[in-house]
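Enquirer: Next up is a structure, given as structure tokens.
Numbering (my numbering), first residue to last: 1 to 240.
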């Protein structure tokens with residue numbers, strides 16, 4: 001449980017430096033109201049709340065998937081596979097960068113979504129900012145995929161939603177700062193922090209693998225719950 005609460009916030013906070021490069025241009029170009037600082041902050045918050053709400057819906061859906069996997073008894077293998085997948089997403093670009101581009105798989109989808117976003121940038125209303133946030137949450141993003149993997153691994157619908165909400169909240173400080181101050185963060189700092197993100201994703205992948213192995217290490221690799229006793233209890237209650 002501690003892992004399920006700390007991990008998404010940490011993913012959001014550390015990964016938000018990756019967001020500077022991916023979603024930063026959108027955050028800088030937001031049509032914020034400029035007549036007062038309060039109006040700008042309110043607009044920036046609405047945009048980020050929209051993103052977080054979309055993440056929450058994704059968490060519900062993938063948390064439901066995780067719950068089904070848990071009931072089927074495959075949660076340990078799923079955790080290991082998710083961990084391996086995280087590590088591969090970091091290694092893949094280094095080995096196949098010149099041959100295959102993962103981003104190309106989503107080019108058409110992302111293009112259509114961005115075209116809808118552009119139409120909203122001419123409107124300075126709060127509703128427009130909130131809608132931009134909702135749609136922004138659907139853009140292809142490796143960091144969101146990492147968070148979704150965590151939502152699946154919670155094995156519960158509401159826990160999956162909470163995982164993604166905490167992830168979204170973790171990204172808000174950096175994204176809100178970019179919206180309010182513009183692209184004032186130095187390129188060297190952005191480059192340095194983006195270099196840290198892949199190592200962080202690999203570390204998370206290792207933690208997911210350890211969790212799936214159920215080695216009995218508190219917080220890191222606790223013993224997995226067994227479904228057999230639950231099944232026997234249900235059979236006994238039916239007999240009585």
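Every residue gets a Cβ at the ideal spot worked out from N, C-alpha and C, and that includes glycine.
#1: So what's residue 6 in DSSP terms, helix, strand or just coil?
#2: Within its chain, find whatever has a CB closer than 7 Å to the CB of residue 135; leave out the 5 residues flanking it on each side and keep chain order.
#3: Do residue 90 and residue 198 count as a contact pair if the criterion is CB distance below 9 Å?
#4: Residues in its own chain within less than 7 Å of residue 52 by CB, not counting five upstream and five downstream?
#5: Do residue 162 and residue 154 have their C-beta atoms within less than 9 Å of each other?
#6: Going by DSSP, what residue range makes up the alpha helix (DSSP H) through residue 131?
#7: DSSP state of residue 14, grouped into three classes?
#8: Along the alpha helix (DSSP H) that carries residue 163, what are the first and last residues, could you check?
#9: Identify, in the order they occur along the chain, each residue of the same chain with its Cβ nearer than 6 Å to the Cβ of residue 209, setting aside the five sequence neighbours on each side.
#10: Give me, in chain order, the residues of the same chain whose beta-carbon lies closer than 7 Å to that of residue 124; leave out the 5 immediate sequence neighbours on both sides.
#11: Starting from the C-beta of residue 100, find all residues in its chain whose C-beta is less than 6 Å away, skip the five residues before and the five after it, and write them out in chain order.
#12: Starting from residue 40, trace the alpha helix (DSSP H) in both directions and tell me its first and last residue.
#13: Tell me which residue opens and which closes the alpha helix (DSSP H) that residue 25 is part of.
#14: Going by C-alpha distance, which of 55, 87, 50 is nearest residue 131?
#15: Taking the alpha helix (DSSP H) that residue 139 falls in, what are its first and last residues?
#16: By Cβ distance below 7 Å, which residues in the same chain neighbour residue 206 in space, the five residues on each side in sequence not counted?
#17: Does the beta-carbon distance from residue 214 to residue 76 come in below 9 Å?
#18: Give a yes or no on whether the C-beta atoms belonging to residue 212 and residue 78 are separated by under 9 Å.
#19: Output the distance between the C-alpha atoms of residue 41 and residue 172, rounded to the nearest integer angstrom.
#20: How long is the line joining the alpha carbons of residue 201 and residue 146, rounded to whole angstroms?
#21: Please report the distance separating the alpha-carbon of residue 87 from that of residue 149.
#22: Please state if the CB of residue 151 and the CB of residue 13 are separated by a distance shorter than 9 Å.
#23: Near residue 65, which residues of its chain fall below 7 Å by C-beta distance, leaving aside the five closest residues on each side in sequence?
#24: Give me, in chain order, the residues of the same chain whose beta-carbon lies closer than 6 Å to that of residue 16; leave out the 5 immediate sequence neighbours on both sides.
#25: In this structure, does DSSP put residue 154 in helix, strand or coil?
Expert: Judging by the given coordinates:
#1: Here residue 6 is taken as the residue at index 6 of the chain shown, counted from 1. The answer is helix: DSSP assigns residue 6 an H, G or I state.
#2: Indexing the chain shown from 1 puts residue 135 at position 135. 113, 116, 117.
#3: Indexing the chain shown from 1 puts residue 198 at position 198. Indexing the chain shown from 1 puts residue 90 at position 90. Yes, these two residues count as a Cβ contact at 9 Å.
#4: Within the chain shown, the letter at position 52 stands for residue 52. Here the set comprises 165, 168, 169.
#5: By 1-based counting over the chain shown, the position of residue 162 is 162. By 1-based counting over the chain shown, the position of residue 154 is 154. Going by C-beta atoms, residue 162 is nearer than 9 Å to residue 154.
#6: Numbered from 1 along the chain shown, position 131 holds the residue referred to as residue 131. Here the alpha helix (DSSP H) through residue 131 covers 126-136.
#7: In the chain shown, counting from the first residue as 1, residue 14 sits at position 14. Helix, per DSSP.
#8: Working through the chain shown from its first residue, we reach residue 163 at position 163. Run containing residue 163: 157-181, per the alpha helix (DSSP H) assignment.
#9: As a first step, residue 209 must be located in the chain shown, where it is residue number 209. Closer than 6 Å at Cβ, skipping near neighbours: 80, 83.
#10: Stepping through the chain shown from its first residue, residue 124 is reached at position 124. Around residue 124: 31, 33.
#11: Your numbering for residue 100 matches position 100 in the chain shown. Note that residue 100 scores a pLDDT of 49, beneath 50, so its modelled location is shaky and nothing firm can be said.
#12: To locate residue 40, count along the chain shown from 1; it is residue 40. Segment 37-72, the alpha helix (DSSP H) holding residue 40.
#13: To locate residue 25, count along the chain shown from 1; it is residue 25. Here the alpha helix (DSSP H) through residue 25 covers 24-28.
#14: Translated into the one-based positions of the chain shown, residue 131 becomes position 131. Of the listed residues, the one whose Cα sits closest to residue 131 is 50.
#15: Here residue 139 refers to the residue found at position 139 of the chain shown. Run containing residue 139: none; DSSP gives neither H nor E here.
#16: On the chain shown, residue 206 is found 206 positions in, with the first residue counted as 1. The answer, listed in chain order, is 83.
#17: As a position in the chain shown, residue 214 is number 214, starting the count at 1. As a position in the chain shown, residue 76 is number 76, starting the count at 1. It is a contact, given that the beta carbons lie within the stated cut-off.
#18: As a first step, residue 212 is located in the chain shown; it is residue number 212 there, counting from the start. As a first step, residue 78 is located in the chain shown; it is residue number 78 there, counting from the start. Going by C-beta atoms, residue 212 is nearer than 9 Å to residue 78.
#19: Here residue 41 refers to the residue found at position 41 when the chain shown is read from its first residue. Here residue 172 refers to the residue found at position 172 when the chain shown is read from its first residue. Straight-line Cα distance between these residues: approximately 12 Å.
#20: The count along the chain shown starts at 1 and reaches residue 201 at position 201. The count along the chain shown starts at 1 and reaches residue 146 at position 146. When rounded, the distance between both Cα atoms is 8 Å.
#21: In the chain shown, counting from the first residue as 1, residue 87 sits at position 87. In the chain shown, counting from the first residue as 1, residue 149 sits at position 149. Roughly 12 Å between the two C-alpha positions.
#22: Here the question's residue 13 lines up with position 13 in the chain shown. Here the question's residue 151 lines up with position 151 in the chain shown. The Cβ atoms of residue 13 and residue 151 do not sit closer than 9 Å to each other.
#23: Position 65 of the chain shown, counting from 1, holds the residue named residue 65. Around residue 65: 152.
#24: Taking the first residue of the chain shown as position 1, residue 16 is located at position 16. Taken in chain order, the residues that qualify are 171, 174.
#25: As a position in the chain shown, residue 154 is number 154, starting the count at 1. Here residue 154 sits in coil by DSSP.
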